[in-house]
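Numbered by the numbering used here, the letters in the sequence shown go through residues 104 to 362 in order. The beta-carbon is built from N, C-alpha and C at its ideal position, and this holds for glycine as well. One structure below.
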Amino acid sequence: MMYKPLSKKRIIITRPKKQAESFVIKLEELGAEVVLFPTIEIIPLIIDDLIRAIKNIDHYQWLIFTSTNSVEIFFNNFIKHITIDQIKKINIAVVGKKISNALNKIGLEHTLMPEKYTSENLAKLFLNIDIKNKNILIPGSKISINTLQIKLKELGANVDFIAIYDTVKPSNKSLESVVESIKDIDYITFTSPSSVNNFFEIIQEYNLPYLAEKAKIICIGPVTQDAINQDLKNKCLMPDEHTIEGMIKTIILDSQKII
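This is how it looks when you write it as structure tokens:
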């Protein structure tokens, strides 16, 4: 019989269902029992500024994506107005491999990507690139932390940030059946600050604080970890590689008491 290191482990995934599919499959292949508990919903925004930016894409020397949501929503709008060939003339920077893969699927490649997948590390790469007076477009989340924009402006770039989607808490009705089935959780996984904030709001609403008290918390990266309440940080683990694969490796190592 094949060894499954996460056998009998119950793990909550807080990503939206569509984005959680590969995460669920990988955990289940390792023997885990996965509870899908989406604490965020992605809402595309209809923004005139985005359409104007797309129509004037030749104005930009750099295009930066910090999430796969940004790629998907940007190009859903983009395809109606200009061609892929126009985008190929522009440098594209991404925060991580998943975003790069999303670009590859539509025939594009990144110019710049940090080894450690954070916006802060991406900003550091621009220290070695002359972006003074260069025009940079960043399509992103309405609740994005603006550290990257600030760093780029400090280097003299002209930065246009356009919020193209919002992340909201799902309705209580859509979560009721999940909440009723939750018990004996070993790990709770988070991939964004909003997934953290909404999760803790939801468990307070349903009077389930014990979920976080008993389970270990796995955060994909430092920005997500910063959203965790101070009194729970001693239970929070973060992978060296800020990816889903890194999170899974961390869970395996912890479950075997290697870390």
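Exercise. Have a look at L211 and D329 and give me their C-alpha separation to the nearest angstrom.
Key: 33 Å
Quiz item: What is the DSSP secondary structure of V137, counted as helix, strand or coil?
Solution: strand
Quiz prompt | Rounded straight-line distance, which links the Cα of F302 to that of A205 | solution = 27 Å
Self-check item: Own chain partners of S358 with C-beta closer than 7 Å, once the 5 adjacent residues on each side are dropped
Solution: Counting only Cβ-Cβ distances below 7 Å, and skipping sequence neighbours, we find P108, L109, K112.
Self-check item: Opening and closing residue of the alpha helix (DSSP H) in which L240 lies
Solution: Where L240 is concerned, there is no enclosing alpha helix (DSSP H), although the beta strand (DSSP E) it sits in stretches over 238–244.
Quiz item: Hey, how far is the Cα of I241 from the Cα of L278?
Solution: When the Cα atoms are used, I241 and L278 turn out to be separated by approximately 32 Å.
Exercise. In the DSSP assignment, find the alpha helix (DSSP H) that holds F126 and state where it starts and stops.
Key: The continuous alpha helix (DSSP H) containing F126 extends over residues 120–132.
Quiz item: Skipping 5 residues on each side, what residues in its chain have a beta carbon closer than 7 Å to that of P342?
Solution: Excluding positions up to five away in sequence, the list reads G349, M350, K352, T353.
Exercise. List the DSSP bridge partners of T270.
Key: I145
Quiz item: Is I246 closer than 9 Å to D263 when the C-beta atoms are compared?
Solution: no
Quiz item: Would I167 pass as a contact of I195 if the rule is Cβ separation under 9 Å?
Solution: yes
Exercise. Count the other CB atoms, across all protein chains shown, that sit within 10 Å of the CB of Q307; report buried if there are 16 or more and exposed otherwise.
Key: exposed
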